[in-house]
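Engineer: The sequence shown begins at 260 in the numbering used here and counts up by one. Where a beta carbon is used, it is the ideal one built from N, C-alpha and C, also for glycine.
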Amino acid sequence: MKEIDPARIPRHIAIIMDGNGRWAQKHSLGRVLGHRKGAESVRATVKTCRRLGVPYLTLYAFSMENWLRPKEEVRALIQLLREYLDGEIQEMMDRDIRLAAIGDLDSLGDPVRTKLQEAIDKTARNQGMVLNLALSYGGRDEIVRAARNLVSDALAGIIKPEEVTKELYRRYLYTTGLPDPDLLIRTGGECRVSNFLLWQMAYTEFYFTDVLWPDFREQHLLEAIADYQQRERRFGMTSDQLCRT
Ligand code: IPE
Ligand code: IPE
Ligand code: MG
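1. When we look at the beta-carbon of Thr317 and count the other beta-carbons within 10 Å, is it buried (16 or more) or exposed?
2. Enumerate in chain order the residues of its own chain whose CB-to-CB distance from Arg429 is below 7 Å, with the five nearest sequence positions on each side excluded.
3. What number of angstroms, rounded off, separates the C-alpha of His271 from the C-alpha of Gly346?
4. Go through its chain and collect everything with a Cβ distance to Ile418's Cβ below 8 Å, but skip five positions before and after it.
5. Closer than 5 Å from C-beta to any heavy atom of ligand 1: which residues, in chain order?
6. What span of residues does the beta strand (DSSP E) with Ser300 cover, start to end?
7. Just to confirm before moving on: does the CB-CB distance between Asn391 and Tyr315 stay below 8 Å?
8. Tell me which residue opens and which closes the beta strand (DSSP E) that Val423 is part of.
9. Considering only residues of the segment 312-364, which uninterrupted alpha helix (DSSP H) runs meet the minimum length of 4 residues and lie entirely inside it, listed in chain order?
10. Which value, in whole angstroms, describes the spacing of the CA atoms of Val452 and Asp353?
11. Quick check on Asp264: buried or exposed, where buried means 16 or more other Cβ atoms within 10 Å of its Cβ?
12. Using three-state DSSP, classify Ser395 as helix, strand or coil.
13. Straight-line CA distance for Asp305 to Ala320?
14. Confirm, please, whether the CB-CB distance from Thr468 to Pro440 is below 8 Å.
15. Based on Cα-Cα distance, which residue from Gly397, Trp458, Ile337 lies nearest to Lys425?
16. By DSSP's criteria, Val389 is part of a beta bridge. Which residues make up the other side?
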């Protein structure tokens, strides 16, 4: 097991949970079974993050582009989300986890949208960790939506052009109130961001692993955090400057 420095736990971990389809193929199973198996990794990851004291965990569960997949797969993914919410709500209450969600949530359809909102409301006062699900989420869509709402507020006279700053813009994003991710983990071997948190990842540390999401367990998460803890986050400054502060 990797040694983790408890004083330098990332405040916000974001994960692109990729590789379910390839896992299923490797085991001669249908893609949906890969997604089902992936739900076990979600449970293990949430549990470990909570135990380590990670304050925010964002999981990319369904992208805007994933709507383009075969209808049956999309349907199965939505069904899995429903099962996850039903099955995990008690666990979230027991572990003091607050559920949040980002993305075009209305597009998920009424039954899931309602269930999701109920879970968000029920866990609203929990303080141990925020579990943030990215559902029907697209980074560019989020930025465009923010611009649209901002223009609309400007036309209504609520804001003036000179008041538009990074800080103000941030308030129009889905992630308002969440800190930017410190660490992004992508499983499944691809080295790309696939339209995830484009604005928020300006200074995020990236960690890519070949481990397929359904195989991802505590040891892999600890490896990612240990790797993160070796890095020097300079934010554009020099190493010397950082040592002096
Ligand atoms: C990630 O696994 C899950 C979702 C995108 C919903 P994939 O289904 O993309 O798995 P691969 O990339 O085909 O292996
Ligand atoms: C990214 O994985 C989206 C999620 C994990 C939800 P994809 O499998 O959809 O990404 P691409 O298509 O390989 O870029
Ligand atoms: Mg994939």
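Structural biologist: According to the structure data:
1. Translated into the one-based positions of the sequence shown, residue 317 becomes position 58. It counts as buried.
2. The residue labelled residue 429 in the question sits at position 170 within the sequence shown. Hits under 7 Å: Thr435.
3. For the purposes of this step, residue 271 is identified with residue 12 of the sequence shown, where counting begins at 1. For the purposes of this step, residue 346 is identified with residue 87 of the sequence shown, where counting begins at 1. Roughly 24 Å separates the two Cα atoms.
4. Translated into the one-based positions of the sequence shown, residue 418 becomes position 159. Leu409, Asp412, Leu427, listed in sequence order.
5. Asp277, Gly278, Asn279, Gly280, Arg281
6. As a first step, residue 300 is located in the sequence shown; it is residue number 41 there, counting from the start. Element bounds for Ser300: not the beta strand (DSSP E) but the alpha helix (DSSP H), 290-311.
7. Here the question's residue 391 lines up with position 132 in the sequence shown. Here the question's residue 315 lines up with position 56 in the sequence shown. Contact flag set, yes.
8. Locating residue 423 in the sequence shown gives position 164, counting from the first residue. Run containing Val423: none; DSSP gives neither H nor E here.
9. 330-353
10. For this step, residue 452 is matched to residue 193 along the sequence shown. For this step, residue 353 is matched to residue 94 along the sequence shown. Computed Cα separation, rounded: 33 Å.
11. Indexing the sequence shown from 1 puts residue 264 at position 5. Per the 10 Å Cβ criterion, exposed.
12. Locating residue 395 in the sequence shown gives position 136, counting from the first residue. Three-state result, Ser395: strand.
13. Position 46 of the sequence shown, counted from the first residue, corresponds to residue 305. Position 61 of the sequence shown, counted from the first residue, corresponds to residue 320. Correcting the residue type first, residue 305 is Val in the shown sequence and not Asp. Their Cα atoms are separated by approximately 13 Å.
14. Reading the sequence shown from its first residue, position 181 is the one you call residue 440. Reading the sequence shown from its first residue, position 209 is the one you call residue 468. No.
15. Walking along the sequence shown from the start, residue 425 turns up at place 166. Closest option to Lys425, Cα to Cα, is Trp458.
16. One-based indexing of the sequence shown puts residue 389 at position 130. The partner list for Val389 (beta bridge, DSSP) reads Tyr315, Arg357.
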